[in-house]
Amino acid sequence: MEEQHYTDVLAALTTVQARVVGKRLNVRFVMGDADKAQFNGVKNVFGGGAEYTYLMSFYPVVAKVRLA
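So for the sequence shown, the UniProt record's numbering puts the first residue at 1; every next one is plus one.
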(Lines of atoms letter the chains of each structure in order from A and count residues from 1; the text may use other names and numbers.)
(Lines give C-alpha, C1' and ligand atoms only; values in the text may rest on other atoms or scores of the structure.)
Protein backbone atom coordinates (compact mmCIF):
# COMPACT_ATOMS: atom_id res chain seq x y z
CA MET A 1 0.00 0.00 0.00
CA GLU A 2 1.00 3.58 -0.45
CA GLU A 3 1.63 6.08 2.31
CA GLN A 4 -1.56 8.00 1.50
CA HIS A 5 -3.63 4.83 1.98
CA TYR A 6 -2.24 4.32 5.48
CA THR A 7 -2.77 7.98 6.30
CA ASP A 8 -6.38 7.92 5.07
CA VAL A 9 -7.27 4.73 6.94
CA LEU A 10 -5.71 5.85 10.21
CA ALA A 11 -7.33 9.28 9.95
CA ALA A 12 -10.71 7.60 9.39
CA LEU A 13 -10.10 5.39 12.42
CA THR A 14 -9.44 8.42 14.62
CA THR A 15 -12.61 10.10 13.33
CA VAL A 16 -14.77 7.05 14.06
CA GLN A 17 -13.19 6.70 17.52
CA ALA A 18 -13.97 10.34 18.34
CA ARG A 19 -17.58 10.07 17.15
CA VAL A 20 -18.40 6.76 18.82
CA VAL A 21 -16.52 7.09 22.10
CA GLY A 22 -16.41 10.86 22.35
CA LYS A 23 -12.69 10.89 23.05
CA ARG A 24 -9.60 11.32 20.95
CA LEU A 25 -7.75 8.10 20.12
CA ASN A 26 -4.73 7.81 22.40
CA VAL A 27 -2.08 5.64 20.76
CA ARG A 28 0.78 4.48 22.97
CA PHE A 29 2.20 1.65 20.87
CA VAL A 30 2.25 0.92 17.15
CA MET A 31 3.39 -2.41 15.73
CA GLY A 32 4.43 -2.65 12.11
CA ASP A 33 7.11 -3.85 9.80
CA ALA A 34 9.87 -2.00 7.99
CA ASP A 35 7.48 -0.62 5.37
CA LYS A 36 8.32 3.07 4.99
CA ALA A 37 4.80 3.94 3.81
CA GLN A 38 3.29 2.34 6.92
CA PHE A 39 5.71 4.15 9.23
CA ASN A 40 5.10 7.51 7.54
CA GLY A 41 1.32 7.02 7.58
CA VAL A 42 1.40 6.55 11.34
CA LYS A 43 3.69 9.55 11.69
CA ASN A 44 1.37 11.69 9.53
CA VAL A 45 -1.68 10.94 11.67
CA PHE A 46 -0.25 10.54 15.18
CA GLY A 47 3.09 12.34 14.97
CA GLY A 48 1.87 15.82 15.83
CA GLY A 49 2.95 15.96 19.44
CA ALA A 50 1.73 12.46 20.28
CA GLU A 51 4.18 10.20 22.03
CA TYR A 52 4.06 6.59 20.91
CA THR A 53 6.50 3.73 20.65
CA TYR A 54 6.91 2.10 17.24
CA LEU A 55 7.50 -1.63 17.69
CA MET A 56 9.12 -3.17 14.63
CA SER A 57 8.10 -6.68 13.62
CA PHE A 58 10.79 -8.71 11.95
CA TYR A 59 8.54 -11.70 11.23
CA PRO A 60 8.24 -10.97 7.47
CA VAL A 61 12.04 -10.89 7.20
CA VAL A 62 12.47 -14.16 9.09
CA ALA A 63 9.73 -15.84 7.05
CA LYS A 64 11.41 -14.90 3.77
CA VAL A 65 14.80 -16.11 4.99
CA ARG A 66 13.29 -19.46 5.97
CA LEU A 67 11.76 -19.87 2.50
CA ALA A 68 15.06 -19.18 0.74
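All C-beta atoms, glycine included, are put in the ideal place defined by N, C-alpha and C. Here the structure is a predicted model, which is why all the values come from computation and not from measurement.
**Message:** Considering only their Cβ atoms, is the gap separating Val27 from Ala50 smaller than 9 Å?
**Reply:** Position 50 of the sequence shown holds residue 50. Position 27 of the sequence shown holds residue 27. Cβ atoms of Ala50 and Val27: closer than 9 Å.
**Asked** What is the rounded straight-line gap between the Cα of Gly32 and the Cα of Gly41?
**Response** Counting from one through the sequence shown, the residue named residue 32 turns up at place 32. Counting from one through the sequence shown, the residue named residue 41 turns up at place 41. Computed Cα separation, rounded: 11 Å.
**Message:** I'd like the list of long-range same chain contacts for Ala18, defined as Cβ closer than 8 Å, with 5 residues on each side in sequence excluded.
**Reply:** In the sequence shown, counting from the first residue as 1, residue 18 sits at position 18. Arg24, Leu25.
**Prompt:** For the alpha helix (DSSP H) that contains Phe58, what are its first and last residues?
**Reply:** The sequence position of residue 58 within the sequence shown is 58, counting from 1. Here Phe58 belongs to no alpha helix (DSSP H), and DSSP marks it neither H nor E.
**Item:** Limits of the unbroken beta strand (DSSP E) element including Val30
**Value:** Taking the sequence shown and counting its residues from 1, one reaches residue 30 at position 30. Per DSSP, Val30 belongs to the beta strand (DSSP E) from 29 to 32.
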